Amino acid sequence: MVDFDDLKVYLPKYLSDESLDDLLEDIKKFVLTGSNKDIYTTELENEKQVFQGDALKSMPFITFPFDTTPVECKVLVLSNSCDINPENSRPFDSHLMYAPIWRLAAYIERLQASDLNEQKLINHISDIKSQSVTQILYLPQHENGPDQDCIVFLDRICHCDNSFVNLESLKERRLFSFSNYGFYLLLLKLSIHFTRIREKIDRDKGEILN
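In terms of our numbering, the sequence shown opens at residue 354 and continues consecutively.
Here's what the structure looks like:
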């Protein structure tokens, strides 16, 4: 059971009290029901900075060892906003990490072609839409977001040099950004996918536990 009073400790401290309360209520609803509200915002569309969770178009992507040349696709930025901010100077070049955005309808067509049991397919799509699949982030269609339901596989990560994205023309490349709720939902999904510790492996003893 989630203790929502304890959860406040982990929420962003820079938000106003009102925004913080709204975000906590949204997370409560998500944890309890898997429901989605508006996870997108238009307030950042004129900013000349790439933010974590931004959707960008025309980004190079390649899958090894099957592809020999990159293809252009829509992607979701996974890098931390501060890490990819060019104003934060470092003794090395920062890279932009991202994963491709799939149309949910195309994914369903692929599963149907694989002869997956119909009930399993229905259950799987339901799990995706409730954000229950640890490797997949569901992006519901919205006027401020994608024009149809989409998904992002969090284990399909690619990267490019930060300089590839021209910040002066970023508004034309950026498709949408997350709201506070959407951003925190992304962080929760990334945390669950990459850092959950319930792997049931005793690494000191070399034992795989059941």
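Glycine is no exception: its CB is placed at the ideal position from the N, C-alpha and C atoms.
Computed from a predicted model, the values in this text were never measured in an experiment.
Just to confirm, is the Cβ distance from residue i to residue j under 8 Å?
i	j	result
D488	H546	The sequence given here places Gln at residue 488; Asp does not occur at that position. Yes, they are a contact pair.
Y460	L429	no
L474	Q465	yes
K401	L543	no
S449	V486	Ser is not the amino acid found at residue 449; the sequence shown has Leu there. Against a cut-off of 8 Å, the Cβ pair of V486 and L449 comes out as no contact.
L492	L507	no
Using 10 angstroms around the beta-carbon of residue i, count the other beta-carbons present and answer buried if the total reaches 16, otherwise exposed.
i	result
K553	exposed
I561	exposed
G535	buried
S447	buried
G559	exposed
S516	exposed
S467	exposed
S432	buried
Got a sec, what are the start and stop residues for the alpha helix (DSSP H) residue i sits in?
i	result
E525	523-526
K482	471-482
I437	That residue, I437, is in no alpha helix (DSSP H); it is neither H nor E in DSSP.
Cα-Cα, which of the options is closest to residue i?
i	options	result
V518	I437, F506, T416	I437
T416	L431, K401, R556, I510	I510
E425	L507, S434, S432, F414	F414
I504	N433, D555, L449, I454	I454
T394	I481, S467, S532	S532
L540	D375, I392, C513, D374	I392
L520	H512, D557, P439	P439
L538	E371, K482, H512, D557	K482
S434	S479, D375, L397, L469	L397
F445	D514, I478, R463	D514
Counting along the chain, where does the beta strand (DSSP E) carrying residue i start and finish?
i	result
K410	408-414
F506	503-506
R456	448-456
K542	Note, K542: premise wrong, no beta strand (DSSP E); alpha helix (DSSP H) at 533-548.
V518	Element bounds for V518: n/a, residue is neither H nor E.
V424	424-430
I489	489-492
Is the region 491-506 in contact with the region 417-424, if contact means three or more CB pairs nearer than 8 Å?
no
Could you check whether the region 519-529 touches the region 401-409, counting it as contact only if at least three pairs of C-beta atoms, one from each stretch, sit closer than 8 Å?
yes
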